[in-house]
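Novice:
Dropping the structure here:
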């Protein structure tokens, strides 16, 4: 394996079946978007994991910072009324 | 010779050659891509050789002269561009051939219908890389051209009827296949700013008697490696 190849990093999103949304599966290196898509096909769907693929340049992703974790996420922690747990779920309703 | 043996050996031998990239490919992503293609081909080889006899015996216990693959697929990997040139020549051929077989109603129709989807991807992989190597750096361009030039003389053999003599036809118009192959390869090569090799592809003298069991020098070493485990431990299983 040569480490001299300086290909950009791509994030891979896989839709496992129709009706579901694309889910982040991992990342890979590729020279361009078309090749990234093909590499993603080989790396992440070879065991029938998906019916659709997205690749996104990793540099295009803006991520929340670990330093902001408290202000970003903690305030939601003590607001259980935001969870729909107070409803009676009718019998036979799945996937809730 | 049966057609199943010829097509099965093509797939088996190319599968082994591509498998030799494991641990050596330029990048991990490409290693997996080549291994995937190798596994597709191995699956095709198993079905085809099973039509002829015991697949393990055929793969592991035949002598060099009994293999009926074209000489193109046994050519050593060389550098990555060389492998891509081999892939381009063979996968375009295999794709066009299997499309025809899938459309027919012969012995190979079912197998070809499944394999043609795999092979379409192999072709796409080879074409994408040909375009990138041809249009990449001066070095990649030169290496890709060198690969095309070096392997060109083995492409004439692809269009010899695989049926041999005295065997029922598999319903392929080999001359039409050749014309379509040449047009498709020319299109990719020219889009990649490369040159279609001139010189002998066929004629009074042509490289390639693999279908008759004559193979190039490196093939003996390749099958020695391929067969050694099975021959050293007869009947061994996982």
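Protein chains in written order, with my numbering: chain A, 1 to 96; chain B, 1001 to 1238.
Ideal Cβ placement from N, Cα and C applies to all residues, glycine included.
(1) Show which residues of chain B have a CB atom less than 8 Å away from the CB atom of residue 42 (chain A).
(2) Counting only Cβ-Cβ distances shorter than 7 Å, please list the residues of the region 8 to 37 of chain A near chain B, keeping chain order.
(3) 8 Å is my cut-off, CB to CB: does residue 1125 (chain B) come that close to chain A?
(4) Are residue 57 (chain A) and residue 10 (chain A) close, meaning C-beta to C-beta below 8 Å?
(5) Using beta-carbon positions only, say whether residue 1192 (chain B) and residue 1143 (chain B) come within less than 8 Å of one another.
(6) Can you grab the Cα-Cα spacing for the pair residue 1215 (chain B) / residue 1084 (chain B), in whole Å?
(7) Do you know offhand how far residue 1047 (chain B)'s Cα is from residue 13 (chain A)'s?
(8) Taking just the CA atoms, how far does residue 21 (chain A) sit from residue 54 (chain A)?
(9) Give the DSSP bridge partners of residue 10 (chain A), in chain order.
(10) Just list the residues that DSSP pairs residue 1194 (chain B) with in beta bridges.
(11) One question on the structure: do residue 1195 (chain B) and residue 1145 (chain B) come within less than 8 Å of each other, judged by their Cβ atoms?
(12) Report the rounded CA-to-CA distance for residue 1128 (chain B) versus residue 27 (chain A), giving the unit in angstroms.
(13) Less than 8 Å between the C-beta atoms of residue 1170 (chain B) and residue 1106 (chain B), yes or no?
(14) By the DSSP assignment, the alpha helix (DSSP H) with residue 1128 (chain B) in it spans what residues?
(15) Please work out which residues of its chain come closer than 7 Å, Cβ to Cβ, to residue 1203 (chain B), disregarding the five sequence neighbours upstream and downstream, and give them in chain order.
(16) Could you give the residue range of the alpha helix (DSSP H) that holds residue 97 (chain A)?
(17) With 8 Å set as the bound, which would you pick, yes or no: does the beta-carbon of residue 46 (chain A) sit closer than that to a beta-carbon of chain B?
(18) Can you give me the start and stop residues for the alpha helix (DSSP H) that residue 1138 (chain B) sits inside?
(19) Whose C-beta lies closer than 6 Å to the C-beta of residue 1026 (chain B) among residues of the same chain, with five residues either side of it excluded?
(20) Thinking residue 1066 (chain B) and residue 1012 (chain B) are a contact (beta carbons under 8 Å), I'd like their distance in whole angstroms, please.
(21) Quick check on DSSP: helix, strand or coil for residue 1083 (chain B)?
(22) What does residue 1128 (chain B) touch in chain A if you count any residue whose Cβ is under 9 Å from its own?
(23) Report the start-end ranges of each beta strand (DSSP E) in the region 1025 to 1077 of chain B that is 3 residues or longer and not cut off at the edges.
(24) Under the rule that 16 or more other beta-carbon atoms within 10 Å means buried, what is residue 81 (chain A), buried or exposed?
(25) In whole angstroms, what separates the C-alpha of residue 1002 (chain B) from that of residue 1111 (chain B)?
(26) Can you tell me whether residue 1155 (chain B) is buried or exposed? The criterion is at least 16 other CB atoms within 10 Å of its CB, across all chains shown.
(27) Helix, strand or coil: which one does DSSP assign to residue 52 (chain A)?
(28) Check this for me: beta carbons of residue 1210 (chain B) and residue 1070 (chain B), under 8 Å apart or not?
(29) Does the beta carbon of residue 1191 (chain B) sit closer than 8 Å to a beta carbon anywhere in chain A?
(30) Just by C-beta distance, which residues in the region 1128 to 1155 of chain B are closer than 9 Å to chain A?
Specialist: Quick look at the numbers:
(1) Neighbours of residue 42 (chain A) in chain B, taken as residues at a C-beta separation under 8 Å, are given in chain order as 1029, 1032, 1033 and 1036.
(2) Answer in chain order: 28, 29, 30, 31, 34 and 35.
(3) Taking CB atoms only, residue 1125 (chain B) has a neighbour in chain A less than 8 Å away.
(4) Going by beta carbons, residue 57 (chain A) and residue 10 (chain A) fall inside the 8 Å limit.
(5) Contact: no.
(6) Residue 1215 (chain B) and residue 1084 (chain B): Cα-Cα distance of roughly 21 Å.
(7) Their Cα atoms are separated by approximately 34 Å.
(8) Taking the straight line from one Cα to the other gives about 11 Å.
(9) Looking at the DSSP output, residue 10 (chain A) shares a beta bridge with A:28 and A:57.
(10) According to DSSP, residue 1194 (chain B) bridges with nothing at all.
(11) A contact, by the Cβ cut-off of 8 Å.
(12) CA-to-CA, the gap between residue 1128 (chain B) and residue 27 (chain A) works out to about 21 Å.
(13) Going by C-beta atoms, residue 1170 (chain B) is nearer than 8 Å to residue 1106 (chain B).
(14) Per DSSP, the unbroken alpha helix (DSSP H) holding residue 1128 (chain B) starts and ends at 1109 to 1134.
(15) Here residue 1203 (chain B) scores only 47 on pLDDT, less than 50, and its place in the model should not be relied on; the value that follows carries that caveat. For residue 1203 (chain B), same chain residues with a beta-carbon under 7 Å away, outside a window of 5 residues either side, do not exist.
(16) A question about residue 97 (chain A) goes unanswered here, because the residues of chain A that appear run from 1 up to 96.
(17) By this cut-off, residue 46 (chain A) is an interface position.
(18) Where residue 1138 (chain B) is concerned, the enclosing alpha helix (DSSP H) starts and stops at 1138 to 1151.
(19) The residues 1080, in chain order, have a CB closer than 6 Å to that of residue 1026 (chain B) in the same chain once the five nearest residues on each side in sequence are set aside.
(20) Taking 8 Å as the upper bound for CB-CB distance, residue 1066 (chain B) and residue 1012 (chain B) are not in contact here, some 12 Å apart.
(21) Assignment of residue 1083 (chain B) by DSSP, reduced to helix, strand and coil, places it in the helix class.
(22) Within chain A, the residues near residue 1128 (chain B) are 34, 35 and 38.
(23) If you keep only unbroken beta strand (DSSP E) runs of at least 3 residues inside the region 1025 to 1077 of chain B, you get nothing at all.
(24) Of the other Cβ atoms in all chains shown, fewer than 16 fall within 10 Å of the Cβ of residue 81 (chain A); this residue is therefore exposed.
(25) CA-to-CA, the gap between residue 1002 (chain B) and residue 1111 (chain B) works out to about 16 Å.
(26) Under a 10 Å Cβ-count criterion, residue 1155 (chain B) is classified as buried, with 16 or more other Cβ atoms of the shown protein chains found around its own Cβ.
(27) If DSSP states are grouped into helix, strand and coil, residue 52 (chain A) belongs with the strands.
(28) Using a Cβ distance threshold of 8 Å, residue 1210 (chain B) and residue 1070 (chain B) count as a contacting pair.
(29) Chain A, which has no Cβ nearer than 8 Å to the Cβ of residue 1191 (chain B), makes this no.
(30) For the region 1128 to 1155 of chain B, the set of residues with a beta-carbon nearer than 9 Å to any beta-carbon of chain A comprises 1128, 1129, 1132 and 1136, in chain order.
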